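Protein sequences appear in the order of chains A and B. In terms of UniProt numbering, the first sequence opens at residue 1 and continues consecutively. In terms of UniProt numbering, the second sequence opens at residue 1 and continues consecutively.
Number of protein chains: 2
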Amino acid sequence: MGRQPSAKPTSFDIAYLAGVSQPTVSRALRGSKSVSAATRANIQRIAQELNYTVDKNASSLRSQRTHTLALLFFEDPNPDESMINPFFLSMLGSITRECARRGYDLLISFQQMHNDWHVTYQDSHRSDGIILLGYGDYQLYLTKLEHLVEMGTKFVRWGSVSEDGIGLTVGSDNVGAGEQAGAHLVEVGRRRIAFLGDASDHAPEFQDRYDGLCRAMRAAGVEPDPALQRDAVSSEDSGYAAARSLIEGGQSFDAVFAASDLIAIGAMRALTEAGLRLPQDVAIIGFDDIPAASQTTPTLTTVMQDMKGAGTLLVDALLARIDDRPVEERILPARLIRRQSTAV
Amino acid sequence: MGRQPSAKPTSFDIAYLAGVSQPTVSRALRGSKSVSAATRANIQRIAQELNYTVDKNASSLRSQRTHTLALLFFEDPNPDESMINPFFLSMLGSITRECARRGYDLLISFQQMHNDWHVTYQDSHRSDGIILLGYGDYQLYLTKLEHLVEMGTKFVRWGSVSEDGIGLTVGSDNVGAGEQAGAHLVEVGRRRIAFLGDASDHAPEFQDRYDGLCRAMRAAGVEPDPALQRDAVSSEDSGYAAARSLIEGGQSFDAVFAASDLIAIGAMRALTEAGLRLPQDVAIIGFDDIPAASQTTPTLTTVMQDMKGAGTLLVDALLARIDDRPVEERILPARLIRRQSTAV
DNA sequence: CGCCATAGGGTATACGTATACGCATAATAT
DNA sequence: ATATTATGCGTATACGTATACCCTATGGCG
């Protein structure tokens, strides 16, 4: 242990010991084929022995490639700032793993979207590309995204996938998921299905889920009632408020499709408080399958997104974009998880 | 928008426009006092206009400071590899925020602790220091930590704080928290209190919590029964198994203190399946206050750690260590959250 | 009125790597 | 046997910044 004279070895040290020039060391270690197998093996052995590591900064400076991706969470400024949407957190695991697998580092930030966050990561050569995650008011960020595109910044976004979107988007099949949820509710005999979640341009994902619901209802010969839709952002409080509004609206309903589990959990509280029995009086479906969803009473039927696939696909897509390769797949299937809240 | 000839401006460009030399630009922007106020203001204005950003790689290469911290999660290899302990995830928010506040970037990794993870981050100049987070088998990592110390790597660890520990540790007051839990259980009339969690050198934090529990019991004149302790790692399955073992052990018990919420949730399942009523027959307390804890039936009494403070303190301590300043505070208070699972 | 300290900033260079070229030697073609 | 190409590597240099050192003008001081 600690044999080295404490100074970290450079490629020159390796070169000297191997009896070659410094560039040859560089070539050997990064797999250039213009170096003989014997020379390469020798260099690798020596590097190993000296615990040599390529200096990341020097390498990045010279090659203009950082082999680092930046992950940016953006959410509406939250009163409880320490709360992060659990859904995105669960994506973090697969993203870090995929980055590691591809030999990329991951830089992470929850900074509010201040004026120059894109400059921070791109122009200062901190990362080769950016992964954007976030619910929140979509419209607010559109101009920023356009700016990113203009600057030639490479990025991917998690969200509602559409061909005409800005930049590159990867996401779940929200419409299909909404259809599954709607079909399931119809199947268990519900006809008056409410939707809790913004159904506007501000939240395309939620809108897609609503569209899917409507499609499934119509396919079953049921006409959705617009009066049963209430706006809500993804939080318990918002779900609670939306459900209260629904109850006070006086319209009858026998099912609720919440655009997220947090909304659903808030709604369940409001419904229970109003004396409604779940699922007998009102069946309820959430979205995301957060851990808490299997702990609620009744346990919550929800839609599980493919988080592992999501991380992989996001990283894949971004790396493809960075290398100017075409991106192949962008939509991930989602799966309905049946639990007690819709049990007949 | 997009006014510049697309090439990113360098400090030479700024220097030329400001009529000064490149080093002066560097000095001005990093606040050296050997630059006049007027010159500095002018340089800053021009830099702003050109959207100039200091190149991170060049800067780090020259100064040998990256202004980046690395966050390393280590956990026992998990069958469900996409699952990350929710407790640590909630710390992530405060760590990223504190890093941002201090002008540091955060590099993140969930890589298994392979042979050379320390080399990866330290010797390749990716980060100035490392934050280590993880439950898992403590002993397994000791030699690695010793190695880190030998190499002069700067790091902090979240865990059980003790003066003789290896490296620098920041953590909650686990003993105090255990005492609070124990005192509460005694207060609601329980005497036969079981503990679920490793009580060995392998998990010092869990042991501290157990010690606190025992201390509180003895303070109330109750002698803890070693037969009521069961090993468990932080997962639902492990908690379930531990509770099963406890039930099958045949010893009577009227309360369970679980070393983590995940253990508690698994245990609740086992207890309920065994026909025991919560909290009438068995009161139960968890640890961590994960979101799911407020959704269980009954809702789970637990210990909330100061996650926001934790992130701040970890980053503070690490930066102090990096700058060779003394570290001031290292222990954070924890707070008991009373819910239905211990309601009299 | 000369001396020295100080402010303000220029000159030269180092940080450690990757790449454009050039130049041998050996292998193949003609 | 000469021209041609590929192989394997060395030489020179660029990436963009930060810092050690040097120089010039001032102003205070005796």
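C-beta: ideal position from N, C-alpha, C; glycine also. Predicted model, so just to flag it, every value in this text is computed and none were measured.
- By the rule that beta-carbons nearer than 9 Å mark a contact, Ala100(B) touches chain A.
- Glu179(A) and Leu336(A) have their C-alpha atoms some 10 Å from each other.
- The C-alpha of Ala18(B) is placed about 6 Å away from the C-alpha of Ile43(B).
- Under a criterion of Cβ atoms nearer than 8 Å, no residue of chain B is adjacent to Ala334(A); the nearest Cβ is some 16 Å distant.
- DSSP, reduced to helix, strand and coil, places Gln340(B) within a helical segment of the structure shown.
- Here the alpha carbons of Leu61(A) and Thr53(B) stand approximately 14 Å from one another.
- Straight across, the Cα-Cα distance linking Leu313(A) with Ala317(B) is about 37 Å.
- Those residues of the stretch 287-311 of chain B placed with their C-beta closer than 7 Å to a C-beta in chain A are Pro291, Ala292, Gln295, Thr296, Thr297, Met307, Lys308, ordered along the chain.
- Remark: C-beta atoms of Leu69(A) and Val327(A) do not approach each other more closely than 9 Å.
- A residue is called buried once 16 or more other Cβ atoms fall within 10 Å of its Cβ, and Glu146(B), having fewer, is exposed.
- Secondary-structure assignment with DSSP links Ala258(A) through a beta bridge to Leu196(A).
- Shown here for Ile166(B): same chain residues with a beta carbon closer than 7 Å to its own, the five before and five after excluded, namely Leu142, Leu145, Glu146, Val149 in chain order.
- The count of Cβ pairs closer than 8 Å, one atom from the stretch 282-293 of chain B and one from the stretch 248-266 of chain B, reaches three, so the stretches are in contact.
- Nearest in C-alpha terms to Trp158(A), of all of Gln280(A), Leu89(A), Val175(A), Gly134(A), is Gly134(A).
- The three-state secondary structure of Val186(B), taken from DSSP, is helix.
- Around the beta carbon of Gln305(A), 16 or more other beta carbons lie within 10 angstroms, which makes this residue buried.
- Cβ-Cβ separation between Met91(B) and Ala310(B): approximately 5 Å, consistent with a contact (criterion under 8 Å).
- Judged by DSSP in its simplified three-state form, Ser252(A) adopts coil rather than helix or strand.
- Ser109(B) counts as buried, since at least 16 other C-beta atoms from the protein chains shown sit within 10 angstroms of its C-beta.
- Residue-level contact check: Ile43(A) does not touch chain B, since none of the beta carbons of chain B fall below 9 Å from its beta carbon.
- For Ala15(A), same chain residues with a beta-carbon under 7 Å away, outside a window of 5 residues either side, are Ser21, Gln22, Thr24, Val25 in chain order.
- For Gly178(A), no pairing in a beta bridge is given by DSSP.
- In the three-state reduction of the DSSP assignment, Asp288(A) falls in the coil class.
- When Pro226(A), Val161(A), Gln48(A), Asp13(A) are compared, the shortest CA-CA separation from Asp198(A) is found for Pro226(A).
- Non-local C-beta neighbours of Ala38(B) in its own chain, meaning closer than 7 Å and more than five positions away in sequence, are absent.
- The alpha-carbon of Thr96(A) is positioned some 7 Å away from that of Leu106(A).
- Taking a contact as a CB-CB distance under 8 Å, the pair Asp261(B) and Thr302(B) counts as one, their CB atoms being some 6 Å apart.
- Out of Cys214(B), Ala258(B), Asp201(B), Leu332(B), the CA that lies nearest to the CA of Tyr240(B) is found in Ala258(B).
- Neighbours of Asp105(B) in chain A, taken as residues at a C-beta separation under 7 Å, are given in chain order as Leu107, Arg126.
- Put simply, of Ala194(B), Glu329(B), Ala343(B), Ala7(B) the residue whose alpha carbon is nearest the alpha carbon of Gln280(B) is Ala343(B).
- Contact between Ile247(B) and Ala232(B) does not hold, since their C-beta atoms are separated by about 14 Å, which reaches or exceeds 8 Å.
- Taking Lys308(B) as reference, the option from Thr296(B), Gln64(B), Phe88(B), Ser32(B) with the minimal CA-CA separation is Phe88(B).
- Gln340(B) and Gly31(B) have their C-alpha atoms some 56 Å from each other.
- Between Thr272(B) and chain A, the shortest Cβ-Cβ separation is not below 9 Å.
- Judged by their CB atoms, Gln48(A) and Thr296(B) are not nearer to each other than the 9 Å cut-off.
- As DSSP reads the structure, Val315(A) sits in no beta bridge.
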